[in-house]
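Note sheet for the following structure.
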Amino acid sequence: MKYSLKNEEKLKSKILIGELFEKGKSLSKFPLRLVYLKSEHSSNYPIKVAFSAPKRRFKKAVDRNRIKRLMREAYRKNKHILYSNIEEKHIIMFTYLDENELKYVEIEEKLILLLKRLSDKIKSCQHEES
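Taking the numbering used here, the leading residue of the sequence shown gets 714, the next gets one more, and so forth.
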């Protein structure tokens, strides 16, 4: 598996994002929250992902962009955890909850835990359906 994050893998559709927040389920591991939803999107990739850092907590765009960049990098390096167990298409959004900016290592650690939990949930749902 290539360690890249293609444009096709990024969740950009306002309709899908709205649906995600309306019907999605969430997992949290402070300072990250993950919202996910099974969805039939047109991408060749099984997962479309988005990242968010709230303007309310980080007034400067520089700070928001840095946090999103750190989350994207952590996801890019560890998405294989999720891809190895997925058969259906899903959309995912990561949101940063803390008011302070953490180091990359800490963000990556929390993101890995969330990916493992999501992977287990998806795996158990797939077994129940079959």
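Even glycine gets a Cβ: it sits at the ideal position worked out from N, Cα and C.
Same chain, Cβ closer than 7 Å to residue i, neighbours up to 5 away in sequence not counted
i: residue 812; result: 770
i: residue 740; result: 747, 827, 830, 831
Exposed unless 16 or more other CB atoms sit within 10 angstroms - verdict on residue i
i: residue 763; result: buried
i: residue 818; result: exposed
i: residue 807; result: buried
i: residue 777; result: buried
i: residue 816; result: exposed
Cβ shell of residue i (< 8 Å), same chain only, five flanking positions each side left out
i: residue 735; result: none
i: residue 791; result: 821, 824, 825, 828
Given residue i as reference, the closest of the options once Cα atoms are compared
i: residue 716; options: 774, 794, 830; result: 794
i: residue 814; options: 758, 739, 775; result: 775
i: residue 805; options: 819, 784, 773; result: 784
i: residue 797; options: 752, 760, 809, 816; result: 760
i: residue 757; options: 790, 748, 803; result: 803
i: residue 727; options: 754, 773, 781, 744; result: 754
i: residue 826; options: 787, 773, 729, 722; result: 787
Rounded distance between the beta-carbons of residue j and residue i, thought under 8 Å
i: residue 742; j: residue 749; result: Contact doesn't hold; Cβ gap of about 14 Å is too wide.
i: residue 782; j: residue 718; result: Actually they do not touch by this definition, with Cβ atoms about 11 Å apart.
Neighbourhood of residue i by C-beta, 6 Å cutoff - its chain only, sequence neighbours within 5 removed
i: residue 823; result: 742, 745
Complete runs of the beta strand (DSSP E) confined to the region 721-798 [at least 3 residues]: Runs found: 738-742, 745-751, 760-765.
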